[in-house]
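Sequential numbering of the sequence shown, starting at 90, is according to this note's numbering. Right, one structure below, let's go through it.
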Amino acid sequence: MQLMEFKLSQTEENYIKTIYSIEIHLGKSVSTNKIAEKLKTKASSVTDMIQKLSEKKLVNYKKYQGASLTSEGKSIAVKIVRRHRLWEVFLVNNLDYAWDEVHDLAEQLEHIKSKTLIDKLEAYLEYPTHDPHGDPIPDRNGNIEHHKNIMLSSAKVGENCQVIGVKDSSSSFLKFLDKTNIKLGSQLKIISIEDFDHSMIIENNGIQNSISNQISKNLFVKKY
C-alpha cells in the first residue's frame, strides 16, 4: 500500500528532499555524515530519522552503507522539489524578490501539499521549466531533466561558456555573483587559469574579473 504524502511531518520531508539532492549529485547512497552536514544537525539524529523513514519504506538503509531513497521516497522528493521551485519563480517574477532572498521562503511554502494549488500556480506562471537559479522544475508527472555536470571549473583557456545554473544557491554565493555581474545567461570567456590554485580570469561583457576555483566549481555552464 502506498504511503500518503500528507502523513509526513515537515522534518521528514526535509530529510527526504536532502537525501534526494545529495543522491542526484553523488549518484550513490548518501552517508549519514553528509546528511548531517547538509542539515546542520548531529549524525545520531540523522540515523534515528533514517531508520524511521526506512520503516515507512521511503529509504533504503543499511548500517555503514548509507541511505538511498526508494521509488516512493523519490516520488515524494520530486513533488517537494516541484513545489519549492515553482514558489521561487513566483516570488522572483511576481513579488520582486531577488534570487538570493527566495530559498528560505520557498522552504516554508514547499510544505503546502495542495496539488490543485501547485498546478494552478504552474499555469499562472505559464509553465516555467527552470527556477531563478537555473534548476529544472519537475512537471506534474514527476519528470525532471537534471543538469549535466559541466562546471565552469572544467573549461579551458579560450573557451566560451554560458551560465545555466548554480550548484550553490546560498544567499552569500548569489550576492557574490551579483557583485561580479554573473547571472543566468551570462556569457563568459576564459582568459587564463592559474596553475597554483586554478583560479580564473574571465571576461564578462567586456570586463575581466578573477574568480576562485571554489566559485567556478559552483557554476553550471554550457560551452558554445
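Don't be surprised by glycine CBs; every beta carbon is placed ideally from N, CA and C. All figures in this text were calculated on a predicted structure; none of them were measured in a lab.
Exposed unless 16 or more other CB atoms sit within 10 angstroms - verdict on residue i
i: ASN270; result: exposed
i: SER305; result: buried
i: LYS204; result: exposed
i: LYS312; result: exposed
Coil, strand or helix - residue i by DSSP
i: GLY254; result: strand
i: VAL167; result: helix
i: LEU92; result: Low confidence applies here, because LEU92 scores a pLDDT of 43, under 50, leaving its location unreliable; read the following figure in that light. Note: LEU92 maps to coil in three-state DSSP.
i: PHE309; result: strand
i: ASN103; result: helix
Distance, residue j Cα to residue i Cα
i: SER259; j: HIS192; result: 8 Å
i: ASP284; j: ASN294; result: 25 Å
i: SER242; j: VAL119; result: 24 Å
i: HIS235; j: PRO225; result: 6 Å
i: LYS146; j: LEU194; result: 29 Å
i: SER160; j: SER110; result: 15 Å
i: SER115; j: LYS209; result: For clarity, residue 115 is Leu in the given sequence; the question names Ser instead. The alpha-carbon atoms of LEU115 and LYS209 are separated by roughly 33 Å.
i: GLN297; j: ILE279; result: 9 Å
i: GLY162; j: VAL246; result: 42 Å
i: PHE309; j: GLY274; result: 11 Å
i: HIS219; j: VAL178; result: 8 Å
i: PHE95; j: ILE201; result: Low local confidence applies: a pLDDT of 48 at PHE95 is under 50, so the model's placement there is unreliable, with the coordinate-based value given in what follows. If I take the Cα positions, the gap works out to 10 Å.
i: GLU101; j: LEU128; result: 12 Å
i: ASN64; j: GLN154; result: No statement about residue 64 is possible, as the shown extent of the chain runs from 90 to 313 and does not include it.
Contacting residues, own chain, Cβ-Cβ under 7 Å from residue i (five flanking each side not counted)
i: MET186; result: Before going on, a small fix: residue 186 reads as Tyr here, not Met. If we look at TYR186 and ignore the five residues flanking it on each side, its Cβ neighbours are LEU180.
Proximal residues to residue i (C-beta, below 8 Å), its chain only, five neighbours per side dropped
i: GLU190; result: LEU180 and SER260
Cβ shell of residue i (< 6 Å), same chain only, five flanking positions each side left out
i: SER301; result: SER288
i: VAL135; result: THR121, ILE124 and ALA125
beta-carbon residue i near the ligand SAH non-hydrogen atom, thresh 7 Å
i: PHE179; result: This structure lacks the ligand SAH; in fact it carries no ligand of any kind.
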